[in-house]
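Student:
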Amino acid sequence: MLRKTWRPILWRWHKRIGLALILLLFWLSVTGIFLNHTDDLDLAEQPLGHSLLLKLYGIEQPQVISYGVGPSAWLSLAGDMLYWNDVKLTRCAPGAFSAVAIAEHLILATCGQALLLLSDGQIAERLGASYGTPQPLGTLGRCDATLCMQSGSQRYLLDFDQLRWYRTESPLEITLVPSEPPLALRDTLNKQWLTTDVNWERLMLDLHAGRSFGLGPWLMDGVAILIMVLSLSGLGIWLAGRKRRR
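Under this note's numbering, residues 5 to 250 are what the sequence shown spells out, in order.
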């Protein structure tokens, strides 16, 4: 009677553990195959580009802010990097990002620092403390048709001939506002900040070891324990069937 009671229970759990092991072994087999051919597939050279995968590593896709500064020219901030179209210009400290056209071939931008840019994207001058550039840097625009910047609650005019700043009470008019860049440029900027430090090889290693889900060594321990339980339950079922046949 006792044998008839526990044998179906053993069978039921044997099948459940077997199904769980199928999933785990399939997972380990797939990631193991990828790791076995990581050099052939160049997995170490391919950065992760999907936002959901990057979130596993605490990486958020940076916001892209762009200004159209010419017929086919875009000044963009992606993360902490300033771009002229898709060319990196300089790294930006945290702060306001703004731009204004000074003349046909000259642009002033603030990006953690005040930058004087030529129409081809080259940095002509960095207007630092020696120029009396007010802090904190704020929104650029025009005050009575003269280039100026909002800094805190104050506004400052830029004397372009002397590259000096002077206080003004005139209201600020914003002449350039952020706009949506062409889709191709936006896609390029979204990929520029990716790094091969977080690549497909690393993802496969972490998935194989269970680190991506915080399992770590417990994954392998769990697989080993399930295999042992499956072996013992299978042995018990076989022995019970053998005794019954006798």
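All C-beta atoms, glycine included, are put in the ideal place defined by N, C-alpha and C. The model shown is predicted, which means the values in this text are computed figures rather than measured ones.
Which stretch, first to last residue, makes up the alpha helix (DSSP H) that contains Leu57?
Tutor: Numbered from its first residue, the sequence shown carries residue 57 at position 53. That run of the alpha helix (DSSP H) goes 55 to 59.
Student: Apart from the five residues on each side of it in sequence, which residues of its chain come closer than 8 Å, Cβ to Cβ, to Pro185?
Tutor: Within the sequence shown, residue 185 is the residue found at index 181, counting from 1. Answer for Pro185: Val68, Ser70, Gly72, Trp78, Ser80, Leu193, listed in chain order.
Student: Can you round the beta-carbon distance between Gly142 and Ala103 to whole angstroms, since I take them to be within the 8 Å contact cut?
Tutor: Position 138 of the sequence shown, counted from the start, is the residue given in the question as residue 142. Position 99 of the sequence shown, counted from the start, is the residue given in the question as residue 103. Not really, about 12 Å apart at Cβ, beyond 8 Å.
Student: Please state whether DSSP places Pro51 in a helix, a strand or coil.
Tutor: Counting from one through the sequence shown, the residue named residue 51 turns up at place 47. Strand.
Student: Could you give the distance in angstroms between the alpha-carbon of Phe38 and the alpha-carbon of Ala213?
Tutor: On the sequence shown, position 34 is the one that residue 38 refers to. On the sequence shown, position 209 is the one that residue 213 refers to. Each residue's alpha carbon lies about 13 Å from the other.
Student: If you draw a straight line from the C-alpha of Leu52 to the C-alpha of Trp15, how long is it?
Tutor: If you number the sequence shown from 1, residue 52 lands on position 48. If you number the sequence shown from 1, residue 15 lands on position 11. Using only the alpha carbons, I get a separation of about 43 Å.
Student: By DSSP, does Ser80 sit in helix, in strand, or in coil?
Tutor: Position 76 of the sequence shown, counting from 1, holds the residue named residue 80. If DSSP states are grouped into helix, strand and coil, Ser80 belongs with the strands.
Student: Label Met232 either buried or exposed according to how many other C-beta atoms from any shown protein chain fall within 10 Å of its C-beta, with 16 as the threshold for buried.
Tutor: For the purposes of this step, residue 232 is identified with residue 228 of the sequence shown, where counting begins at 1. The residue in question, Met232, is exposed, as its Cβ has fewer than 16 Cβ neighbours within 10 Å.
Student: According to DSSP, is Asn203 part of a helix, a strand, or is it coil?
Tutor: Within the sequence shown, residue 203 is the residue found at index 199, counting from 1. Looking at Asn203 - three-state DSSP - the assignment turns out to be strand.
Student: Given this structure, state the Cα-to-Cα distance separating Gln130 from Ala97, to the nearest angstrom.
Tutor: For the purposes of this step, residue 130 is identified with residue 126 of the sequence shown, where counting begins at 1. For the purposes of this step, residue 97 is identified with residue 93 of the sequence shown, where counting begins at 1. Checking the sequence, you will find Arg at residue 130 rather than Gln. About 14 Å.
Student: How many angstroms separate the CA atom of Asp84 from the CA atom of Cys115?
Tutor: Taking the first residue of the sequence shown as position 1, residue 84 is located at position 80. Taking the first residue of the sequence shown as position 1, residue 115 is located at position 111. Going from the Cα of Asp84 to the Cα of Cys115 covers about 9 Å.
Student: Taking the alpha-carbon positions, what's the Leu176 to Ile106 distance?
Tutor: Locating residue 176 in the sequence shown gives position 172, where the first residue counts as 1. Locating residue 106 in the sequence shown gives position 102, where the first residue counts as 1. One Cα belongs to Leu176, the other to Ile106, and the distance between them is close to 15 Å.
Student: Rounded to whole angstroms, what is the Cα-Cα separation between Leu239 and Trp31?
Tutor: Residue mapping note: residue 239 aligns to position 235 of the sequence shown, counting from 1. Residue mapping note: residue 31 aligns to position 27 of the sequence shown, counting from 1. Looking at the two C-alpha atoms, the distance is approximately 26 Å.
Student: According to DSSP, simplified to helix, strand and coil, what is Trp197?
Tutor: If you number the sequence shown from 1, residue 197 lands on position 193. Coil at Trp197, not helix or strand.
Student: Can you give the Cα-Cα distance for Glu205 and Arg190, rounded to whole angstroms?
Tutor: Counting from 1 along the sequence shown, the entry for residue 205 is found at position 201. Counting from 1 along the sequence shown, the entry for residue 190 is found at position 186. If I take the Cα positions, the gap works out to 26 Å.
Student: Looking only at C-alpha atoms, which of Arg159, Leu234, Leu243 sits nearest to Ile26?
Tutor: Your numbering for residue 26 matches position 22 in the sequence shown. Measuring from the Cα of Ile26, the nearest candidate turns out to be Leu234.
Student: Straight-line CA distance for Tyr87 to Pro66?
Tutor: Counting from 1 along the sequence shown, the entry for residue 87 is found at position 83. Counting from 1 along the sequence shown, the entry for residue 66 is found at position 62. Distance between the alpha carbons of Tyr87 and Pro66: 13 Å.
Student: Which residue's Cα is closest to the Cα of Leu211: Ala24, Val202, Ile21, Thr35?
Tutor: Numbered from 1 along the sequence shown, position 207 holds the residue referred to as residue 211. Of Ala24, Val202, Ile21, Thr35, the residue nearest in Cα terms is Thr35.
Student: Using beta-carbon positions only, say whether Leu120 and Ala133 come within less than 8 Å of one another.
Tutor: If you number the sequence shown from 1, residue 120 lands on position 116. If you number the sequence shown from 1, residue 133 lands on position 129. Result no, Cβ atoms of Leu120 and Ala133 do not sit closer than 8 Å.
Student: Identify the continuous beta strand (DSSP E) that holds Asp163 and give its terminal residues.
Tutor: Locating residue 163 in the sequence shown gives position 159, counting from the first residue. Element bounds for Asp163: 158 to 163.
Student: Are the beta-carbon atoms belonging to Asp144 and Leu187 less than 8 Å from one another?
Tutor: Here residue 144 corresponds to residue number 140 of the sequence shown, with the count starting at 1. Here residue 187 corresponds to residue number 183 of the sequence shown, with the count starting at 1. Correcting the residue identity first, residue 144 is Leu in this sequence and not Asp. Contact flag unset, no.
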